[in-house]
Amino acid sequence: MEPATKKVKTEEIDWKITFDQTQGIRTLVDVVGNILTRVNFRLMYDARKDCHFLCIDSIDPQHVCMIQARLTCEKVVNLVGDETFCVDTSILNTLLKNVPSHYSLDLIKKKSSADIYMRTYESLSNSHETHYILSTLVDDSETMQLTDIEYKYVIEIDLGTLRQIVKMSQALRASHVEFSVKEPETSNRGVSRTTFSIASRGDATQEHRFNSATVTENNESQTTVIRAATDSTGPEEVCGEIMEKKYSDSFSTQYLNYFLKSMERQIITMKLSQDKPLILHYPLGADRSYICFVLAPKTSDD
Numbered sequence: 079m080e081p082a083t084k085k086v087k088t089e090e091i092d093w094k095i096t097f098d099q100t101q102g103i104r105t106l107v108d109v110v111g112n113i114l115t116r117v118n119f120r121l122m123y124d125a126r127k128d129c130h131f132l133c134i135d136s137i138d139p140q141h142v143c144m145i146q147a148r149l150t151c152e153k154v155v156n157l158v159g160d161e162t163f164c165v166d167t168s169i170l171n172t173l174l175k176n177v178p179s180h181y182s183l184d185l186i187k188k189k190s191s192a193d194i195y196m197r198t199y200e201s202l203s204n205s206h207e208t209h210y211i212l213s214t215l216v217d218d219s220e221t222m223q224l225t226d227i228e229y230k231y232v233i234e235i236d237l238g239t240l241r242q243i244v245k246m247s248q249a250l251r252a253s254h255v256e257f258s259v260k261e262p263e264t265s266n267r268g269v270s271r272t273t274f275s276i277a278s279r280g281d282a283t284q285e286h287r288f289n290s291a292t293v294t295e296n297n298e299s300q301t302t303v304i305r306a307a308t309d310s311t312g313p314e315e316v317c318g319e320i321m322e323k324k325y326s327d328s329f330s331t332q333y334l335n336y337f338l339k340s341m342e343r344q345i346i347t348m349k350l351s352q353d354k355p356l357i358l359h360y361p362l363g364a365d366r367s368y369i370c371f372v373l374a375p376k377t378s379d380d
C-alpha cells in the first residue's frame, strides 16, 4: 500500500463509488472487523429501491454467525452489474479511522489493476485530499443471502444497556446469554403485560427484566413488539396473574460482545423466535443502510 501521486483519469476507471461522508462506512468496517479478518464487498444495484449498495453477506469462519450489511452509495460511475472485491479488514479500518467523519470518500477500481484506489477529501472547500492504494485479496470466505424469516418477537432495546449486560456477562465468564419472554397465560384485556429477560450464569448469576405493554391481537401469528428501553415501564402486575414463558434461547456471549462493542449509543432492534437465529439490526444512519448480525442459538452440545 502506497500513496498515489496523481488522480485517476476517467478513461482508466473500471468503476467508482462515492460516499458523501465516511461515518457510515467507518462504523460498518469497525463493527465487521471484530468478527471478520478479511471482508468481501459486493457492489449491487437494487432496482426496487433504484439505488446502488455496498454489500456484505458473509459467514464467519467458525460458522457461528452471519453478517449482512447494506450501505447506500451516493454516486456511481461505470458500474454495470455486480462487482466484488476482498480486502484486509484491519488495514481498511486503520485507513478509515484516520479520515475525518465529514470527509467524502471515493473507492475506485482501475482497469489496469486489481487493487482498490481510495481517495478521501474535504468536499466543501476541496482544500485537502489523501490517496491510498489498497491491495485486494483472494476471497476464500463463504457467502449466503439472508432469506426473509417470520419472527414472533421484535425487541427494541437501548444499545448501551444491552452492551453493558453482555460486557458484565463476559466479566462473569458466562459463555452464553439467555433471552426469554414471558406473557400472561390468559389475557382478556386489550393491553397485556410482557416481560423480556436477559440472564447469564458464570461466576455469578445476573438477570435483567424489562416490562412492556403489548396489545393483544386476535391473530396468533402476529409479531409482538416489545419496547424494552431503559425508561420502559409496563402495566402494573395483576394480582393472581400467571406469567408463562413463551420464548427462551441462549447465544454466545463472545459473539454478542464482538458485534456490540464498536457501536454507538442508540436503540437497537432484536428479532427472536424459538429455535431460530437471533437477528440484531443496527441502522448506519444513511437512508436504507444497516448491518444485520445473525447469530445461531446455543446447541445442546455447546
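When we follow our numbering, the leftmost residue of the sequence shown carries the number 79, and every step to the right adds one.
Ideal Cβ positions, reconstructed from N, Cα and C, are used throughout, including at glycine.
Residue i (DSSP reduced to helix, strand or coil)
i      : result
ASP356 : Inspection of the sequence shows that residue 356 is occupied by Leu rather than by Asp. Three-state DSSP puts LEU356 in a strand.
ARG197 : strand
TYR336 : helix
THR377 : coil
LEU173 : helix
VAL244 : helix
ALA282 : coil
ASP309 : For ASP309, the predicted structure reports a pLDDT of 45, less than 50, and the residue's modelled location is therefore unreliable. A value from the coordinates is still provided. Coil at ASP309, not helix or strand.
Boundaries (first-last residue) of the beta strand (DSSP E) holding residue i
i      : result
SER191 : Element bounds for SER191: n/a, residue is neither H nor E.
THR208 : 207 to 212
THR150 : 143 to 150
ASN118 : 116 to 124
THR96  : 91 to 97
ASP236 : 231 to 236
SER136 : 129 to 137
ASP384 : No statement about residue 384 is possible, as the shown extent of the chain runs from 79 to 380 and does not include it.
MET59  : Residue 59 lies beyond the stretch modelled for the chain, which goes from 79 to 380, so this question has no answer here.
VAL154 : 153 to 155
Paired residues, beta bridge with residue i - DSSP
i      : result
PHE329 : VAL255
MET321 : PRO262
VAL303 : VAL232
THR239 : Note: THR239 sits in no beta bridge, so no partner.
PRO361 : TYR368
ILE186 : LYS94, TYR195
ALA277 : GLU256, GLU285
SER270 : THR292
Backbone CA spacing between residue i and residue j [nearest angstrom]
i      : j      : result
MET321 : THR105 : 40 Å
GLN284 : ASP135 : 34 Å
TYR231 : THR302 : 5 Å
GLN146 : PRO361 : 12 Å
ILE113 : ILE276 : 23 Å
ASP98  : HIS130 : 14 Å
ARG251 : GLY280 : 5 Å
LEU173 : TRP93  : 21 Å
GLY102 : ALA249 : 30 Å
THR347 : GLU90  : 43 Å
LEU358 : LYS187 : 32 Å
LEU170 : ILE194 : 11 Å
CYS151 : GLY238 : 29 Å
VAL158 : SER253 : 46 Å
GLY363 : LYS349 : 20 Å
GLN352 : ALA192 : 45 Å
SER328 : ARG305 : 20 Å
TYR336 : MET246 : 14 Å
ARG271 : VAL110 : 36 Å
ILE227 : LEU356 : 11 Å
THR208 : PRO178 : 11 Å
Endpoints, the alpha helix (DSSP H) within which residue i is located
i      : result
VAL107 : 101 to 110
Report yes or no: do three or more beta-carbon pairs, one from the stretch 162 to 177 and one from the stretch 206 to 213, lie closer than 8 Å?
Touching, yes, given that three or more Cβ pairs across the two stretches are closer than 8 Å.
Check whether the stretch 193 to 203 touches the stretch 140 to 150, taking contact to mean three or more Cβ pairs, one atom from each stretch, closer than 8 Å.
Touching, no, given that fewer than three Cβ pairs across the two stretches are closer than 8 Å.
For the stretch 334 to 345 against the stretch 121 to 133, are there 3 or more C-beta pairs whose distance is under 8 Å?
no
Count Cβ pairs between the stretch 320 to 340 and the stretch 254 to 266 that sit closer than 8 Å; are there 3 or more?
yes
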